[in-house]
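Shown next, in structure tokens, is the structure this report addresses.
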Amino acid sequence: MRGHLPSSAPGAVIRTLLVSPQQRGAYATIGDALAAATDDSVIAVAPGTYAEAIFVTGKRLKLVSSDPSGGAVTLDASAIPYPAVSARNATLTIEGFTLVAADAPVVTARGTQLALHACDLTARFGPGVDLAGGSIDLRKCTITGAQYGVVVEDAPGTIDDCQISEVAEDGIIVRIGADPVITATVVRGCGRRGVYVYQFGKPTLEGCEVTQTGDAGVVVAHQSSPTIRRCKIHDTQGVGVSVARGCGGAIEECQIENTGVPAVDIAEGATTTLVTARPDAPPLTIGDGAPAAGGDAAAVEALLGELETMVGLAGVKDEVRALIDEIQVNEWRRSAGLSVGAMSHHLVFAGAPGTGKTTVARIYGKLLAALGVLPKGAFKEVSRRDLVGQYLGHTAEKTSAAFEEARGGVLFIDEAYTLSRTMGSGGDFGQESIDTLVKLMEDHRHEIAVIAAGYTAEMDEFISANPGLASRFTKTIVFENYSPEELVRIVRRMCAADDYVLGDDVEPVLLRHFAAVERDANFGNARDARKLFESVRKAQAQRLRVLGRRPSLDELRILQLADLEAVVTA
């Protein structure tokens, strides 16, 4: 069937429908795929811009990018008088899309279980998200330029780590008994109110920031009872929080400053409780632009398990686990409205070649994505030739392009120290690449993890090449050489992966060989182990080829001592 790629899942067969205008057999539009989709289908959309509006009624569906590295998918309905997404009585998840509308809502949903993760929403007029009934799950989304940011009516749900800015009127509206939990979200630059709760609304706002509003920061009206806990409300034209007669709820330990007078206006007849922050409480640091980590706990544990299965690297594993622990605790503190210190995700991996630096970098990037710290698990590996150009200005262009490809994930710079060295005669532009990286790392410090790798001593030289590097690379993880025993284990794993086994008398000789190898600058660790394994395989093939008969299964699988000796004594 056109565009149908089989996919398996426990207990059910999940259809994956591919959308790609350029690929034969795929659906040309998202709308075509939606029409063919059945419940629980996944619609995988190739990166690109799709000038259409989509409608989902009565189905359970998920829309994702077909690019594993998270290539951008834009659904652009700006030339159409409809919302970019309309859903009714459905279960709909959209991950990683850019959604654009004109004078209609970007997303409108009725009676729908709506989930938007890591999406960017923009409209000229109309709400960013307009949901009534069902439930809402907004995580790591940005909403800009709309009439209202989010409107939630008669529904529970979660709004977490979102950015709502530069909307014409109210940032968040909660009404008709809706009771979402809104955490670690920033509402900035609204023409009227930052948050408007009315008609029996019962939301919880925790660890949020409301700032630069044309009217009050938070307004509570019409028998509503919100809980507003450890939020930062500042620089508003109107009062910080306004509570009307007949309303209840609580305002607890909030930081309210530089607002209209009074900072908190609770009308007579309201039963709202007010708990002021302790005089010695640290200032809230909500809304510093750093993404809050939430993420997939099962994926995090699986990735840590994958790291643990790597041979050796005990110190590296401890360092990575400590970083992940700190990120997780920071998220718990941020969600509770507590202050969180700045944490850089850029790292230096120092050590000899073949010690697993690239593999660990990939796992680290996936961990940051699973924790919700980075929007994607993309991994871009580069070296000097990918960053340095041949003429003035070319280097900045190449470096910026590589950086842009890695945004949302990890930029891994192998042998980074070569950027700080003059290569050959004449002009050299390695320093220009370093200077460009320093600026980009500052401008996009919460959107990428840059890992610079190389020999330990040379990496010290690299960090000294620009004063800004030391402040951005504050953590170095040292990869020690593998021991002879660990190199034997690595060879054993290579054998198992390719259906070989080592003869009983091979491992002791292999161990003595690795123990005798000099650990100088040319020592390649696992790379040397790989070269040795390949050479031993070739020696076995040469031995078997001259037998004059077809080898048995055991003969084909076993690498004998003679095969090893043919290599190490050659």
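In terms of my numbering, the sequence shown is residues 1235 to 1804.
Yeah, the Cβ is synthetic: ideal placement off N, Cα and C, and Gly gets one too.
Where residue i falls: helix, strand or coil (DSSP)
i            : result
residue 1696 : helix
residue 1578 : coil
residue 1230 : Past the boundaries of the shown model lies residue 1230; the chain is included only from 1235 to 1804, so the question cannot be answered.
residue 1673 : helix
residue 1457 : coil
residue 1441 : coil
residue 1597 : helix
residue 1797 : helix
residue 1295 : strand
residue 1765 : helix
residue 1264 : helix
residue 1476 : strand
residue 1781 : coil
residue 1272 : coil
residue 1786 : coil
residue 1586 : coil
residue 1548 : helix
residue 1558 : helix
residue 1314 : coil
residue 1667 : helix
residue 1258 : coil
residue 1651 : helix
Beta-ladder partner(s) of residue i, from DSSP
i            : result
residue 1204 : Since the first residue of the chain shown is 1235 and the last is 1804, residue 1204 is not available in this structure.
residue 1289 : 1320
residue 1348 : 1326 and 1370
residue 1283 : 1308
residue 1277 : 1251 and 1297
residue 1422 : 1399 and 1445
residue 1430 : 1407 and 1453
residue 1468 : 1445 and 1491
residue 1486 : 1463 and 1509
residue 1733 : DSSP output for residue 1733 lists no bridge partner at all.
residue 1356 : 1334 and 1378
residue 1499 : 1476
residue 1563 : Looking at the DSSP assignment, residue 1563 forms no beta bridge with any residue, so it has no partner.
residue 1417 : 1394 and 1440
residue 1688 : 1584
residue 1365 : 1343 and 1386
residue 1792 : 1735
Buried versus exposed, by CB contacts within 10 Å (16 or more), residue i
i            : result
residue 1782 : exposed
residue 1564 : buried
residue 1549 : exposed
residue 1495 : exposed
residue 1626 : exposed
residue 1422 : buried
residue 1333 : buried
residue 1742 : exposed
residue 1787 : exposed
residue 1596 : buried
residue 1705 : exposed
residue 1765 : exposed
residue 1619 : exposed
residue 1337 : exposed
residue 1628 : exposed
residue 1363 : buried
residue 1666 : buried
residue 1508 : exposed
Start-to-end residues for the alpha helix (DSSP H) that takes in residue i
i            : result
residue 1682 : That residue, residue 1682, is in no alpha helix (DSSP H); it is neither H nor E in DSSP.
residue 1633 : 1628-1640
residue 1540 : 1531-1542
residue 1705 : 1701-1706
residue 1194 : In the structure as shown, the chain begins at 1235 and stops at 1804. Residue 1194 is therefore absent and cannot be evaluated.
Range covered by the beta strand (DSSP E) that runs through residue i
i            : result
residue 1401 : Here residue 1401 belongs to no beta strand (DSSP E), and DSSP marks it neither H nor E.
residue 1331 : 1331-1334
residue 1384 : 1384-1387
residue 1391 : 1391-1394
residue 1713 : 1710-1713
residue 1622 : Taken as a continuous stretch (DSSP letters only), residue 1622 belongs to no beta strand (DSSP E), as it is neither H nor E.
Proximity test, residue i beta-carbon vs the ligand ADP heavy atom, cut-off 7 Å
i            : result
residue 1692 : Looking for the ligand ADP in the displayed structure turns up nothing, as the structure carries no ligands at all.
Item to check | Stretch-stretch touch, CB-based, cutoff 8 Å, three pairs: the segment 1587-1594 with the segment 1750-1761 | outcome: The segment 1587-1594 and the segment 1750-1761 touch, with no fewer than 3 CB-CB distances between them shorter than 8 Å.
Checklist entry - Do the segment 1396-1411 and the segment 1425-1432 make contact, defined as three or more Cβ pairs closer than 8 Å? => result Result yes; three or more Cβ-Cβ pairs closer than 8 Å.
Checklist entry - Is the segment 1674-1683 close to the segment 1710-1725, with three or more CB pairs under 8 Å? => result Look at the beta carbons and you see the segment 1674-1683 not touching the segment 1710-1725: under three pairs across the two are nearer than 8 Å.
Checklist entry - If you pair each beta-carbon of the segment 1681-1699 with each one of the segment 1577-1586, do three or more pairs fall below 8 Å? => result At 8 Å Cβ cutoff, the stretches touch.
Item to check | Contact the segment 1693-1701 vs the segment 1725-1744: 3+ CB pairs below 8 Å | outcome: Taking 8 Å as the limit for Cβ pairs, the verdict is that the segment 1725-1744 does not touch the segment 1693-1701.
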